[in-house]
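Scroll down for the structure; my scribbles are underneath it.
Numbering (the working numbering), first residue to last: 44 to 172.
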């Protein structure tokens, strides 16, 4: 079995279907005797350039371990799923289970202090008074 990293870009109009799509793909991986080592939903993010007249996409990252036949079936499923606007499959040397740098940066961000007001809000309050 080989290790793969998969990134899916899903059309933003189909964001509500992401969980069912991921569930379907993970079940097909597990039924073929494979494993999902890491699954991250990065949410909606802007694209570097428009793809099919779309400016944003819903990103999903998966690190899996499957045989070559199963990865070909997955790639075929990705190619003919019109909700997936781009996909990338990379062969890896080992299973990657730690959180991605993107997810780590989201977790380390400090929650914004709601008590602090922006300068625009302060000036609008002064003008109203």
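Ideal Cβ positions, reconstructed from N, Cα and C, are used throughout, including at glycine.
Since this is a predicted model, take the numbers as computed values, not measurements.
Item                                                                                                                                                   : Value
Go to residue 114, then tell me how far its alpha helix (DSSP H) extends in each direction, as first and last residue.                                 : 111 to 122
Okay, do the segment 122 to 133 and the segment 66 to 73 touch, 3+ Cβ pairs below 8 Å being the bar?                                                   : no
Anyone know if the C-beta pair for residue 88 and residue 68 falls short of 8 Å?                                                                       : no
Residue 139 by DSSP, collapsed to three states: which one?                                                                                             : coil
Determine the DSSP secondary structure at residue 56, reduced to helix, strand or coil.                                                                : helix
So, is residue 145 buried or exposed, given that buried needs 16 or more other C-beta atoms within 10 angstroms?                                       : exposed
Quick check on residue 52: buried or exposed, where buried means 16 or more other Cβ atoms within 10 Å of its Cβ?                                      : buried
Please report how far the alpha carbon of residue 62 lies from the alpha carbon of residue 83, in whole angstroms.                                     : 11 Å
Can you tell which of 44, 50 and 45 has the C-alpha that lies nearest to the C-alpha of residue 128?                                                   : 50
Among all the DSSP beta bridges, which residues are the ones paired with residue 76?                                                                   : DSSP output for residue 76 lists no bridge partner at all.
Please return the same chain residues whose Cβ sits closer than 7 Å to the Cβ of residue 60, not counting the five positions on each side in sequence. : 126
Tell me whether residue 105 sits in a helix, a strand or coil according to DSSP, three-state version.                                                  : strand
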